[in-house]
Amino acid sequence: MKALTDLFSTDYGLMSITGIVIMVVGILGFAIVVRRKMNEDPAGSSKK
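Sequential numbering from 0 applies to the sequence shown in numbering that gives the first Met the number 0.
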């Protein structure tokens, strides 16, 4: 219980939560971009 109190009530705990949230958002954004690229038509993007 002390760990949760430290996590939500101290400056280093809040910065840890912020860092974790930023990393999760970045991973989700990367996954969305990669998924869209994988579903693109390969013939349409490589025409010259």
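Just so you know, even glycine gets a beta-carbon here, dropped at the ideal spot from N, CA and C.
To the nearest whole angstrom, what separates the beta carbons of residue i and residue j, a pair I think is in contact under 8 Å?
i             : j         : result
isoleucine 16 : leucine 6 : 7 Å
Which of helix, strand or coil does DSSP assign to residue i?
i            : result
aspartate 10 : helix
aspartate 40 : coil
methionine 0 : coil
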